[in-house]
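Colleague: One structure, as structure tokens, below. Some questions next.
In structure tokens:
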């Protein structure tokens, strides 16, 4: 196949190494975007996430993958960055302790900066309001408010060229995300969802994220290739 | 003097080492906030800025000063982070090349994360719409849109405790900022405004920022202690 990549609109896609953002990258590519994958090294306890992000970016056709280091993990307050806090193994109705303060806002803001430099027309994020209903920054009204702010914040926005903030899986269930990703050829064996993996990426099976993933594969009537 | 600092509301104050943010820190303190100073190491060409930020934070009563490293300078696109681009020495009607893509959005987002962890009730930023009218993210409507987004993004916001985004000098001229800061005891000799200083912090006198500063001191009928 030959293609002229210069004719495609650019997009920045936030890629974490998890299942959701891998699916979103495949969606962005299927919509005809040239994809620049962006991962954040924010002091997450588990470095293996960033290795998985690199694999996912390459396998799903990103033209470039960048890891931006940012020290927000040092602020504390989340079990995902603070070794003093335990990752819970039971669901909760409150905002979970795995919530990282302002994480999606920081990630989208950094993506916005890169999008400006790339003259990109979209930013893709794997926010999901169904399985992460406890995270305030995974709700559609949050994404809309970020869009309004981004339009006012940027050179492009001021000049009338909106950088669209796209959250294409925000209303999908985990099983629908998995079915969509499988139809787009995503290899979920590369992805890691566990909040508490070993250094080699062995999952714990008991954290919120492991349990939501397992239920999603079961409901999609599919086998999780990461567990084979 | 004795005081019970625990009774004061917390605030995060963005401090760059420049004149505007030094003034804003003094304003925040004068309004009774306990101030946590935050600077960003975003790959600015001139490291001396961060040394000045440290001086300013200490001299103006911050209880803590943090420097968060974030690699957005690697994206390029600005004369303030990219050595391949020259800092201009003449004013322009366009968005200046010294504009760093999405800078205030990234800075405010990181401040928002720290504010959540500190349970702070305000974030202060030295955005100014008068002398930096070419920067989209220095306008009041931008700050308002960030506020709306922040209310939806955060645990506090969801629980009804707004983290107020305060830009107290946004409508002031440079001379009014200087007069206000002098009345609050700010030592502008510690601050650095130049876009193109030497490693020791000697200013160039010809960049936009030097010229705006010199005109501000002249109009305020004051001597710039940094030049004495």
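Residue numbers (this note's numbering), protein chains in the order written: chain A, 1028 to 1255; chain B, 1028 to 1255. No residue lacks a Cβ here, since even glycine has one placed at the ideal position from N, Cα and C. All of these numbers come straight from a predicted model, not from anything done at the bench.
Under 9 Å between beta-carbons, which chain B residues line up against residue 1169/A? List them in chain order, please.
Modeller: The contacting residues are 1176, 1179 and 1180.
Colleague: When you compare the region 1081-1093 of chain B with the region 1244-1252 of chain B, are there three or more beta-carbon pairs, one atom per stretch, that lie closer than 8 Å?
Modeller: no
Colleague: In this structure, how does DSSP classify residue 1065/B when only helix, strand and coil are distinguished?
Modeller: strand
Colleague: Measure the C-alpha to C-alpha separation of residue 1212/A and residue 1232/A and round it to an integer number of angstroms.
Modeller: 25 Å
Colleague: May I ask which residues mark the beginning and end of the alpha helix (DSSP H) holding residue 1244/A?
Modeller: 1235-1246
Colleague: Determine, for residue 1091/B, whether the minimum Cβ-Cβ distance to residues of chain A falls below 8 Å.
Modeller: no
Colleague: If you draw a straight line from the alpha carbon of residue 1093/A to that of residue 1034/B, how long is it in whole angstroms?
Modeller: 43 Å
Colleague: State buried or exposed for residue 1166/B, treating a residue as buried only when at least 16 other CB atoms are found within 10 Å of its CB.
Modeller: By the neighbour-count rule (16 or more Cβ atoms within 10 Å), residue 1166/B is buried.
Colleague: So, is the C-beta of residue 1076/A closer than 8 Å to a C-beta in chain B?
Modeller: no
Colleague: Considering only the alpha carbon of each residue, which of 1225/A, 1198/A, 1204/A and 1226/A lies closest to residue 991/A?
Modeller: Since the first residue of chain A shown is 1028 and the last is 1255, residue 991/A is not available in this structure.
Colleague: Could you name the residues of the region 1132-1164 of chain A whose beta carbon sits closer than 7 Å to any beta carbon of chain B, in the order they occur along the chain?
Modeller: 1132, 1133, 1136, 1137, 1139, 1140, 1141, 1143, 1144, 1163 and 1164
Colleague: Would you mind working out which of 1171/A, 1164/A and 1177/A sits nearest residue 1170/B, comparing C-alpha positions?
Modeller: 1177/A
Colleague: Do residue 1151/A and residue 1182/A have their C-beta atoms within less than 8 Å of each other?
Modeller: no
Colleague: By Cβ distance below 7 Å, which residues in the same chain neighbour residue 1197/A in space, the five residues on each side in sequence not counted?
Modeller: 1154, 1155, 1156, 1167 and 1170
Colleague: Quick one: is residue 1225/B buried, meaning 16 or more other Cβ sit within 10 Å of its Cβ, or exposed?
Modeller: So residue 1225/B ends up on the exposed side.
Colleague: So, helix, strand or coil for residue 1041/A, using DSSP?
Modeller: If DSSP states are grouped into helix, strand and coil, residue 1041/A belongs with the strands.
Colleague: From the DSSP output, in three-state form, read off residue 1085/A for me.
Modeller: helix
Colleague: Could you check whether the region 1039-1052 of chain B touches the region 1061-1079 of chain A, counting it as contact only if at least three pairs of C-beta atoms, one from each stretch, sit closer than 8 Å?
Modeller: Cβ pair count under 8 Å is below three, so no.
Colleague: List the residues of chain A whose Cβ lies closer than 9 Å to the Cβ of residue 1079/B, in chain order.
Modeller: Those do not exist, as residue 1079/B stays about 20 Å from chain A at its closest Cβ, beyond 9 Å.
Colleague: What is the DSSP secondary structure of residue 1196/A, counted as helix, strand or coil?
Modeller: coil
Colleague: Here's a check: name, in chain order, each residue in its chain whose Cβ is nearer than 6 Å to the Cβ of residue 1054/A, leaving out the five neighbours to either side.
Modeller: 1195
Colleague: Taking the continuous beta strand (DSSP E) assigned at residue 1151/A, which residues delimit it?
Modeller: 1149-1151
Colleague: Residue 1097/B CB to nearest chain C CB: under 8 Å?
Modeller: Although the question refers to chain C, the structure presented lacks it and instead comprises the protein chains A and B.
Colleague: For chain B, check one thing: does any of its Cβ atoms lie closer than 8 Å to the Cβ of residue 1042/A?
Modeller: Chain B, which has no Cβ nearer than 8 Å to the Cβ of residue 1042/A, makes this no.
Colleague: Using C-beta distances below 6 Å, list every residue in its chain close to residue 1254/A, excluding the 5 sequence neighbours before and after it, in chain order.
Modeller: none
Colleague: Residue 1239/A: which of 1069/A, 1200/A, 1066/A and 1216/A sits nearest, CA to CA?
Modeller: 1200/A
Colleague: Going by DSSP, name the residue or residues bridged to residue 1232/A.
Modeller: According to DSSP, residue 1232/A bridges with nothing at all.
Colleague: Just tell me which of 1062/A, 1216/A and 1206/A has its CA closest to the CA of residue 1041/A.
Modeller: 1062/A
Colleague: Which value, in whole angstroms, describes the spacing of the CA atoms of residue 1128/A and residue 1140/B?
Modeller: 5 Å
Colleague: Is residue 1172/A close to chain B? Criterion is C-beta to C-beta, closer than 8 Å.
Modeller: yes
Colleague: Alpha carbon to alpha carbon, what distance is there between residue 1136/B and residue 1132/A?
Modeller: 6 Å
Colleague: If you drop the 5 nearest sequence neighbours on each side, which residues of the same chain put their C-beta closer than 8 Å to that of residue 1218/A?
Modeller: 1044, 1045, 1046, 1049, 1079, 1083 and 1253
Colleague: What residue range is occupied by the uninterrupted alpha helix (DSSP H) comprising residue 1185/B?
Modeller: 1182-1185
Colleague: For a contact defined as C-beta to C-beta under 7 Å, what are the partners of residue 1185/A on chain B?
Modeller: 1163
Colleague: Which residue from 1095/B, 1102/B, 1164/B and 1052/B puts its Cα closest to that of residue 1099/A?
Modeller: When only C-alpha atoms are compared, the closest one is 1095/B.
Colleague: The beta strand (DSSP E) spanning residue 1250/B covers which residue range?
Modeller: Element bounds for residue 1250/B: n/a, residue is neither H nor E.
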